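Colleague:
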Amino acid sequence: MIPKISKNELYTLGVDVNAHIDPTRFFEKIANKKHSALLMSAEIDSKKKQKSVIIVESSVKLICTKEEFLIQALNKNGENFLKGIADILRGDFSVVQKDQTLSLDMTKTQTKPNQSEDERLREMGPFSPIRKILELIKSQNKSDLNLVGLFNYDLIETFEDLPEVKEGLTSCPYFTLYIPQVLLEINHETEKSRLKGCLFGADHKKDYEKSFFDVSRRMQEIQKQVLGLPSIQTTQNSELLKTLTEELEVTKSISDEKFVEYVKEIKEKIIDGDIFQGVISRVFSVDAPD
0 MIPKISKNEL
10 YTLGVDVNAH
20 IDPTRFFEKI
30 ANKKHSALLM
40 SAEIDSKKKQ
50 KSVIIVESSV
60 KLICTKEEFL
70 IQALNKNGEN
80 FLKGIADILR
90 GDFSVVQKDQ
100 TLSLDMTKTQ
110 TKPNQSEDER
120 LREMGPFSPI
130 RKILELIKSQ
140 NKSDLNLVGL
150 FNYDLIETFE
160 DLPEVKEGLT
170 SCPYFTLYIP
180 QVLLEINHET
190 EKSRLKGCLF
200 GADHKKDYEK
210 SFFDVSRRMQ
220 EIQKQVLGLP
230 SIQTTQNSEL
240 LKTLTEELEV
250 TKSISDEKFV
260 EYVKEIKEKI
270 IDGDIFQGVI
280 SRVFSVDAPD
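Note that numbering that gives the first Met the number 0 gives residue 167 to position 168 of the sequence shown, counting from 1, and the numbers run on in steps of one.
1. Nearest to Glu67 by alpha carbon, out of Val95, Ile136, Phe275, Thr250?
2. Check whether the Cβ atoms of Leu37 and Val52 sit closer than 9 Å, and answer yes or no.
3. Is Ser192 helix, strand or coil when you go by DSSP?
4. Quick check on Tyr207: does DSSP put it in helix, strand or coil?
5. Straight-line CA distance for Asp271 to Lys263?
6. Is it true that the CB of Leu12 sits closer than 9 Å to the CB of Lys137?
7. Apart from the five residues on each side of it in sequence, which residues of its chain come closer than 6 Å, Cβ to Cβ, to Gly196?
8. Do you know offhand how far Ile269's Cα is from Val259's?
9. Take Arg216 as the anchor and find which of Lys6, Ser5, Asn7, Val14 has the nearest alpha-carbon.
10. Would you list the one or two residues that DSSP bridges to Met218?
11. Of the residues Leu81, Arg281, Lys75, which one's Cα is nearest the Cα of Lys251?
12. Taking 8 Å as the cut-off, does the segment 156-163 touch the segment 78-98 (at least 3 CB pairs, one atom from each stretch)?
13. If you run the structure through DSSP and keep just helix, strand and coil, what is Lys251?
14. Taking the alpha-carbon of Lys75 as reference, which of Ser210, Lys3, Thr175 has the nearest alpha-carbon?
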């Protein structure tokens, strides 16, 4: 039986999976595609795994740049989300809809000269559409509405005046976030897993019943696929994993010696009063053949 799901309501399907699943194997075999993600947490001192969350597939993609905030429906479920929020967002933003994407004009949210920190925090900014979405969407449990993605360091220029930098190979949006449609939560302490499906409602049942059946069917498929995956204990004891780790050849964008020089240089600038902090980073990379 399909439940009644109102417009701007998030309904969550849930089913327990009786297996302590290896998150990396699950992500590789089942969720490693576009619009998916793997999140893992660990205890700080022991490094012991605590929880893993795998976004199997998503319904909505949010992209924020200096000029616009895009809200893109990735499927029918995401379309129901757009229908629910479009008119309400138009009350606060200049909104243009093209196909299954809403574009919010962000040019008026950029920082103005001589603004105080308090004024900047109260101004409309990149997080304003997200706050509005979180206010609009009702759910059985607030933790059911997840936003998963990446933030760019350049986001700080929406709070501070920084010098203009030419766009290059590393240019990317302020942030890219996803609203999951199907996700798996693994509790490594209790060794239990739970599969969840997230559905957005609509004014009429016919508008969300297809999404309901699609998500239910996908969850059933995943339950069957999980049976063929090794448990986390099996994977951890794998000699193959040990061999692969030993054969990895790691390259560094900055040598250890050069990195130490940069650290000393930053320390001197802090002592001289030129800066109050500095962040030095380098890239570690390995080949990832198919």
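Backbone N, C-alpha and C fix where the C-beta goes; we use that ideal spot for every residue, glycine too.
Computed from a predicted model, the values in this text were never measured in an experiment.
Modeller: The relevant details are as follows:
1. Val95
2. yes
3. strand
4. helix
5. 12 Å
6. no
7. Leu12, Val181, Val214, Met218
8. 16 Å
9. Val14
10. Bridge partners of Met218: none, in fact.
11. Arg281
12. no
13. strand
14. Ser210
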